[in-house]
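In the working numbering, the protein residues as written are 21 to 558.
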Amino acid sequence: MGICRRLSPLILIVLLVICANGEDPYRFFTWNITYGDIYPLGVKQQGILINGQFPGPQIESVTNDNLIVSIFNSLDEPFLISWNGVQQRRNSWQDGVYGTNCPIPPGQNFTYNLQVKDQIGSYFYFPSLALHKAAGGYGGIKIASRSVIPVPFPPPAGDFTILSGDWYKKNHTDLKAILDSGSDLPLPDGLIINGHGSNGDTFTVEQGKTYRFRISNVGLAISINFRIQGHKMLLVEVEGTHTLQNTYESLDIHLGQSYSVLVTADQAPQDYYIVVSTRFTSQVLSATSILHYSNSAGSVAGPPPGGPTTQIDWSIEQARSLRRNLTASGPRPNPQGSYHYGLINTTRTIRLANSAPIVNGKQRFAVNSVSFIPADTPLKLADYFKIPGVFSLGSIPDSSSGGGAYLQTSVMAADFRGFAEVVFENPEDTVQSWHVDGHTFFVVGMDGGQWSDASRLNYNLRDTISRCTVQVYPKSWTAVYMPLDNVGMWNIRSENWARQYLGQQFYLRVYSAANSWRDEYPIPSNALLCGRTLGHRT
21 MGICRRLSPL ILIVLLVICA NGEDPYRFFT WNITYGDIYP LGVKQQGILI
71 NGQFPGPQIE SVTNDNLIVS IFNSLDEPFL ISWNGVQQRR NSWQDGVYGT
121 NCPIPPGQNF TYNLQVKDQI GSYFYFPSLA LHKAAGGYGG IKIASRSVIP
171 VPFPPPAGDF TILSGDWYKK NHTDLKAILD SGSDLPLPDG LIINGHGSNG
221 DTFTVEQGKT YRFRISNVGL AISINFRIQG HKMLLVEVEG THTLQNTYES
271 LDIHLGQSYS VLVTADQAPQ DYYIVVSTRF TSQVLSATSI LHYSNSAGSV
321 AGPPPGGPTT QIDWSIEQAR SLRRNLTASG PRPNPQGSYH YGLINTTRTI
371 RLANSAPIVN GKQRFAVNSV SFIPADTPLK LADYFKIPGV FSLGSIPDSS
421 SGGGAYLQTS VMAADFRGFA EVVFENPEDT VQSWHVDGHT FFVVGMDGGQ
471 WSDASRLNYN LRDTISRCTV QVYPKSWTAV YMPLDNVGMW NIRSENWARQ
521 YLGQQFYLRV YSAANSWRDE YPIPSNALLC GRTLGHRT
C-alpha cells in the first residue's frame, strides 16, 4: 500500500475500481478422453467418452467468462475438440480444427484457453478429427447473460439441453474406411437424443411452470424436426441471438444448428412424447424422449405425433419467419438492433457452390470445384511461422467457374473489417448446411432457383436473424452478410460430416496488417507443434 499512499486521489480511485472489478471470471474443466462401450441404438459400440460420459459434460458459463479446458487424450489416436459457435474473438489459436491446431497426441494433454467474449446462447462442442464425431465426444455449451443485462423473458423454472441427431451402428473406424475407399455413407440407422434411442431420457416438469429447452442437431448427415406432444414452443434464441418470440408446433433443425424454446407445462398431468424425426429422407427415422409431469396421472398414450410431411415449402417459410428481437439487449447493454447491418455497404461478394464430383475414381465433395485436402501442417501455424509451400492464398476462387473438380488445400484471403456478401448456392438435390468458425452472419435471403443481382431486392435488411450455421435447400440459394471482424484462420465447412471429410470445406484467412494484440492474440505458449513447425519455438 506504500505506493498507493503517494498517488493522487483520482488515480487511487481508478485503481480501486479496477481492483474491485477484477478481470472476467475463470471456469476450469479437466476432461479425460477415453474409449468405452456405448449402446445408443441397442448395439454395443466403441464410443468416445469424456470423463466416462456420453454425451460429455455440459459447459455452463456467463458472458465474458474465461474457460480453461484441460484435455487429456487417453485414446490411441490423435484428438481435437472444436467449439461449434463459440467465436474465440481474436483467438483462432483455440479453434480446435486441424487447420488451426496440431492434434493432441495419444497419451498427452492440451489446455484450451477460451473466452466467451460478448456472447450468450446455446452451442455445443464436438471432436473435429476424422470421423470421431460419429463416436460421440460431444456436449452442450450454455452461455448465460450477465446479471446486469436484461433477458427478454422471465427466468424459466428449469433449463434442459437436448443433443440430437442421426446415428450409425457401425463404429467410427468402419465409417471412415467407407469414406477412404471412395464411397459416400449410407442412410444412418436411427436417431438418438442425449445418447439414447427411443424413451431413453425423461424430462420432469411441474404443471403450470415454464421451461427452457436448448436443442442442437449434432448429427452427421440429416436435418431433423423437433416437437413435444400437445405443447407449443416459444422460440426465444438462435445461436446467440434473441428472436422475435413466435410460437411453433415443431421446428426444423439442420445439421450443426442450435435453438432455444420455452415450453409451458399447461396440459393435463400425464407423460408426453418428445420427438425428433428426419427431414427430407425417403425413410423417416425417429427417436423419442418423455416429458414427465411431476403429478402425472398416466404414461404416454398412443403413437408419437407425426412431423411435417411437406418437403421444402413449409421448411423454407419457417426459416424466413426467424427474426431478430430488435428491442432485446444482447451480451452488452446496448440494443442488438442498433447494429444496422442493412445500411452497411458490402465490400465483396463471394458465391460458394457445392458439388459432388468423382475425382481420381473416388467420391469427393467440393466448393467452387475445389475439394479440400489437409496439409501436412496446420495452416494457422504455417502462416505464423511463414513456412512456404503449405498453402497458397487465392487457391479457391470467389465464385464457381463450373470447371472440373480438383484437389487443393484451399485458402481464401480476406481483409479485416471487410463486410462480405456470401451466397451459398446449392445445385444438388439434398439440403446443405454451412458453418463458419469465428463469425456470425446475418441471413438476409433464401429462395429457390438461381441467385442473381435481382435477388437482392427481396433481402431482409432490417431484422433478420444472425447465426453461425445456415441451411441451403435443394436447387436453392441462401445469402448472408458477414462482418469480417475476427482476425485469424477460420474454417468454412459443410456440417454434413462425410462431405466435410471428403473436401467440402476451406479456410478463410482474415488478415490485419497491424499485427497488434488488439486485433489478434499472440500464439499461446502451450501451442502444440507438428509437421513442418517441429523445431520452431513459440
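No residue lacks a Cβ here, since even glycine has one placed at the ideal position from N, Cα and C.
Asked	Found
On the DSSP letters alone, give me the boundaries of the alpha helix (DSSP H) that Ile336 sits inside.	Asp333 to Arg340
Provide the residue(s) that pair with Trp51 in DSSP beta bridges, ordered along the chain.	Ile91
Which residue or residues does DSSP assign as beta-bridge partners of Asn511?	Tyr527
Do you know offhand how far Gly357's Cα is from Thr181's?	Note on Gly357: pLDDT 49, under 50, position unreliable in the model; the coordinate value appears next. Approximately 28 Å between the Cα atoms of the pair.
Could you work out which residue in Gly156, Gly469 and Asp204 is closest to Glu445 when comparing CA atoms only?	Gly469
Compare the beta carbon distance of Ser270 and Ser236 with 8 Å and say whether it is the shorter of the two.	no
Rounded to a whole number of angstroms, what is the C-alpha to C-alpha distance between Lys137 and Pro98?	29 Å
By DSSP, does Tyr404 sit in helix, in strand, or in coil?	helix
Taking the straight line between their C-alpha atoms, what separation do you get for Tyr521 and Asn546?	28 Å
Helix, strand or coil for Asn84? Go by DSSP, reduced to three states.	coil
Sorted by chain position, which residues of the same chain lie with C-beta nearer than 6 Å to Ala499's C-beta, five sequence neighbours on each side aside?	Val443, Val464 and Gly465
Jot down the residue ranges of each uninterrupted alpha helix (DSSP H) in the segment 190 to 250, minimum 4 residues, whole runs only, in chain order.	192 to 200
Could you check the C-alpha separation between Gln525 and Asp291 for me, to the nearest Å?	43 Å
In chain order, what residues of the same chain lie with their CB nearer than 6 Å to the CB of Gly523, ignoring the 5 residues before and after it?	Arg384, Phe385, Ala386, Ser391 and Phe392
Using beta-carbon positions only, say whether Leu151 and Trp517 come within less than 8 Å of one another.	yes
Specify the secondary structure class of Ser475 as computed by DSSP and reduced to three states.	helix
Tell me which residues share the same chain as His364 and place their Cβ nearer than 6 Å to its Cβ, disregarding the 5 neighbours each side in the sequence.	The amino acid at residue 364 is misidentified as His; the sequence shows Ile. Only Phe439 meet the Cβ criterion.
Under the rule that 16 or more other beta-carbon atoms within 10 Å means buried, what is Phe233, buried or exposed?	buried
When the Cα atoms are used, what is the spatial distance from Val295 to Ile212?	10 Å
Any idea what DSSP makes of Ala499, helix, strand or coil?	strand
Looking at the structure shown, is Gly465 part of a helix, part of a strand, or coil, going by DSSP?	strand
Identify every run of the beta strand (DSSP E) within the segment 110 to 176, keeping only runs that are complete inside it and at least 3 residues long; order them along the chain.	129 to 135, 141 to 147 and 159 to 164
Of the choices Phe130, Arg352 and Ala373, whose alpha-carbon is the least far from that of Gln139?	Arg352
So Ser570 and Ser412 are supposed to be a Cβ contact under 8 Å. How far apart are they, rounded?	Not covered by the structure: residue 570. The range shown for the chain is 21 to 558.
Leaving out the 5 sequence neighbours to the left and right, which residues in its chain are closer than 7 Å to Leu254 when beta-carbon positions are compared?	Gln265, Thr267, Val281 and Leu282
Evaluate His360 with the Cβ neighbour count: other Cβ atoms within 10 Å of its Cβ, from every protein chain shown; 16 or more gives buried, anything less gives exposed.	exposed
How long is the line joining the alpha carbons of Asp418 and Leu372, rounded to whole angstroms?	7 Å
Of all the options Ala154, Gln452, Gly156 and Gly228, which has the alpha carbon lying nearest to the alpha carbon of Gly178?	Gly228
Which value, in whole angstroms, describes the spacing of the CA atoms of Ser203 and Ile378?	10 Å
For Tyr521, does the three-state DSSP call read helix, strand or coil?	helix
Give me the Cα-Cα distance between Pro29 and Phe92, rounded to the nearest whole angstrom.	Only weak support is given to the placement of Pro29: the predicted model assigns it a pLDDT of 38, under 50, and the question is left unresolved by the model.
When DSSP labels each residue in this structure, what does Leu504 get in the three-state scheme?	strand
Take every Cβ of the segment 393 to 402, pair it with every Cβ of the segment 446 to 455, and state whether three or more of those distances are shorter than 8 Å.	no
Pick out the complete beta strand (DSSP E) segments inside the segment 299 to 331, 3 residues or longer, and give them in chain order.	306 to 313
Straight-line CA distance for Val117 to Ile370?	23 Å
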